[in-house]
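Report on one structure; see the data block that follows.
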Amino acid sequence: MLTRDQETIIAQCTPNGKGAIALVRLCGSNVREVVSKISYLPNNNIENLSSGTVNFGFVIDDQNNKIDQVMFIIMDGPKTFTGQNTIEITCHNNPFIIQKIISQAVKHGARLAQEGEFTKRAFLNDKIDLIQAEAINELIHANTQLALKKSLSQLQGSFSNWIYKLEKELIRTLAWSQATFEFLDEEVNFNQQIKDHLLKLVKDIKILKKTFDEQQQIRQGIRIALIGSVNAGKSSIFNNLLNQKRAIVTNIAGTTRDAIESGIYLNGNYCTLIDTAGLRQTDDIIEQEGIKKSFEEAAKADIILLIFDQSREINQEEEKVYKELLNQYSKKIILIANKIDLENKTSLNRIFDVHKPIKISSNTKENFNTLEQNIELKILELFSSIESPFLLNKRHFNNLINIENQINTVIEMFNNDMVHHELVAYHLNNIIETISDLTGKTVSEAGLDMVFKEFCVGK
Ligand SMILES: Nc1nc2c(c(=O)[nH]1)N(C=O)[C@@H](CNc1ccc(C(=O)N[C@@H](CCC(=O)O)C(=O)O)cc1)CN2
Ligand SMILES: Nc1nc2c(ncn2[C@@H]2O[C@H](COP(=O)(O)OP(=O)(O)OP(=O)(O)O)[C@@H](O)[C@H]2O)c(=O)[nH]1
Ligand SMILES: [Mg+2]
């Protein structure tokens, strides 16, 4: 009798839709038995193939009709991704073929894999810890080059090793505490040493925690908001950057009333462009709402393209708004003078010349290359200011807060004249247990399912 985690599971690993080749993966202790019942290999049988080989053959139905011409990749455990016996089938990528292969396998003893079940097995078989499992999910969904790099490094153990080091340090303080307790009469006392050590650990945790917020932009991609007066050409620039006529452009001031978003890749980074309503005083309630949203988008954005129309003078009202934005968000603003195909009528030296606007025309596309290069530079600048070596998620973050609080409780105990080392040891033990929740060494079944539910089927 096989346990649930030994049963053969099957899933399509490549995305749905038509294409050249798809991959269907099976793993479980009796995977060869299952696949041998649904396959035909000229002059051979699945049961006899060596591990680590790729073999030509067919998937067949119960009447021996061929479903598709495929390759079988044979990989015996324990040296596999999941640690279990694995067979991968690469077939032609047609949804009907894949459906037939899967239902044929299910008929002969496989069951459909759940989200993340392959990775869960890799975890259960000690191939990876929970932090590494999460890294696989990050890797699949990475939206930026930096997220890719960090999740791969996390998959290879960078964050896990940080945590294991923390655990080791705590075990060391636990040993000192126990020694102090045991040699109570001999005046051996590590109190200062333990306290200093714990303070240092709290400091390290604090530094790591601080980086949590900036992680979100690495993960989700970069928000770029187009902000400026009505008619400055925001929607025209938005369309030009997207290379499509997504936003409505007219010469009527106040054309864009609500922010609209669209995604593009710039230099391998996913960016969300946000076109916003032009800033001006107005009695129109709908437009007012739109303008409120423009300011919110400016605050939320990682990069602001602050646009003005250089073919006309800007009034004092506008100047005030631009100045405020430039002061408040100086670091994330790229200032743009639009409509340079027309005569320059803005007294640039008033406010804008110190900020050296990029001069473009969205009519002639002049200098759009420079604009795109500047956006890419800003993205690099953003990323280089992010120091954290890891991609923390909410689960890690909450766990770190918990650890930090518990260490602070212990540090507090050393401020008393009399230190009760039984109590210190008790708390340190608890902290070490909290840490193992992070790596998953003692985590409950429910906690596990929480983590793996985020995955896609086939992973
Ligand atoms: N076809 C295919 N490509 C794939 C995967 C897969 O499962 N199938 N992967 C799946 O996610 C990723 C590769 N990750 C893998 C991780 C570990 C092992 C593995 O066999 N580990 C063994 C032996 C390592 C060795 O030979 O040195 C082990 O850890 O014991 C394989 C793939 C991406 N590409
Ligand atoms: N000559 C010239 N006209 C431009 C340029 N860019 C935009 N325009 C024109 O300026 C007018 C306003 O352009 P939009 O892109 O709608 O401006 P907007 O900033 O989105 O305006 P609102 O949505 O109303 O805030 C349109 O008539 C455009 O054709 C440019 O570089 N040169
Ligand atoms: Mg517009």
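Counting along the sequence shown from 1, when you hit position 250 you're at 250 in the UniProt record's numbering, and nothing is skipped either side. Note that CB positions come from ideal geometry on N, CA and C, so glycine has one too.
Alpha carbon to alpha carbon, how far is residue i from residue j?
i    : j    : result
I334 : I358 : 8 Å
F368 : S362 : 8 Å
C271 : E412 : 46 Å
I136 : A147 : 11 Å
N85  : L438 : 28 Å
N416 : T3   : 53 Å
E297 : L124 : 44 Å
K320 : I304 : 17 Å
N267 : S385 : 18 Å
K18  : N94  : 5 Å
Y164 : S436 : 9 Å
Q244 : T250 : 16 Å
M75  : M1   : 22 Å
V35  : E261 : 47 Å
Looking at residue i: is its Cβ nearer than 8 Å to the Cβ of residue j?
i    : j    : result
V457 : L130 : no
Q220 : N143 : yes
I194 : F414 : yes
C91  : I102 : no
T276 : G254 : no
L49  : N43  : no
I46  : C27  : no
N393 : E134 : yes
N269 : Q114 : no
K206 : F390 : no
H355 : L326 : yes
R121 : G157 : no
Q104 : I73  : no
Pick from the options: whose alpha carbon is nearest that of residue i?
i           : options                : result
A301        : Q316, L226, Y322, E324 : L226
K210        : T442, K441, E422, I401 : I401
F58         : G17, D258, S39, Q104   : S39
L342        : D76, Q328, E313, E261  : E313
residue 461 : A425, I431, K441, F455 : With the chain represented from 1 up to 459, any question about residue 461 goes unanswered, as that position is not in the structure.
E317        : F72, I336, R280        : R280
C13         : V31, R32, G116         : G116
K331        : E381, E33, H421        : E381
I307        : K339, L242, D5, K120   : K339
Y265        : R257, E376, N315, G278 : E376
L201        : E182, Q178, T173       : T173
I407        : L198, F397, I140       : L198
T370        : T364, E261, I360       : I360
L168        : L428, K79, R246        : It is worth fixing the name first, because residue 168 is Lys in this sequence and not Leu. Nearest of L428, K79, R246 to K168, Cα basis: L428.
Q328        : A337, F295, Q310, S347 : F295
I218        : I260, S160, L139       : L139
Q310        : S347, V106, I291       : S347
Considering just the uninterrupted stretch of the alpha helix (DSSP H) at residue i, what are its terminal residues?
i    : result
I432 : 421-439
A298 : 285-300
N338 : Element bounds for N338: not the alpha helix (DSSP H) but the beta strand (DSSP E), 333-338.
M413 : 394-413
For residue i, report the span of its beta strand (DSSP E) as first-last.
i    : result
Q6   : Counting along the chain, Q6 falls outside any beta strand (DSSP E), and DSSP gives it neither H nor E.
E88  : 86-93
R223 : 222-228
D68  : 66-75
Touching by the beta-carbon criterion (3+ pairs, under 8 Å), the segment 229-245 and the segment 108-126: no
Sufficient close CB pairs (3 or more, under 8 Å) joining the segment 18-37 to the segment 74-88: yes
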